[in-house]
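Worksheet: one structure, shown below.
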Amino acid sequence: MAALFLLALAILVAVALTEIRVYYSPERQVQRWQHAMHKLGEISRDDYPLPHPRTDAPAAAPSDRVTVTG
Numbered sequence: 001m002a003a004l005f006l007l008a009l010a011i012l013v014a015v016a017l018t019e020i021r022v023y024y025s026p027e028r029q030v031q032r033w034q035h036a037m038h039k040l041g042e043i044s045r046d047d048y049p050l051p052h053p054r055t056d057a058p059a060a061a062p063s064d065r066v067t068v069t070g
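Be aware that the sequence shown starts at 1, since it is given in UniProt numbering, and climbs by one per residue.
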């Protein structure tokens, strides 16, 4: 029972550390600053387009596999 508790505690700590690392990453700090400046009316949305996960993802590498049909 204690082992299960320690496992759950370790998972919670790992998740918390990951969330903290993501929250304080330089990219997120820039996004928070840009959002605050937009709310204050200092900059417009066009000045900082937010990345879109599907369209801003790097292009997939071409496949080296050759498909033979016939």
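We treat Cβ as the ideally placed atom computed from N, Cα and C, and that holds for glycine.
Since the model is a prediction, treat every value here as computed from it, not as a measurement.
I43 (DSSP reduced to helix, strand or coil): coil
Between which two residues does the alpha helix (DSSP H) holding Y23 run? A2 to Y23
Compute the beta-carbon to beta-carbon distance between Q34 and I43, rounded to the nearest angstrom, for a pair I have assumed lies under 8 Å. 7 Å
How long is the line joining the alpha carbons of P26 and I11, rounded to whole angstroms? 25 Å
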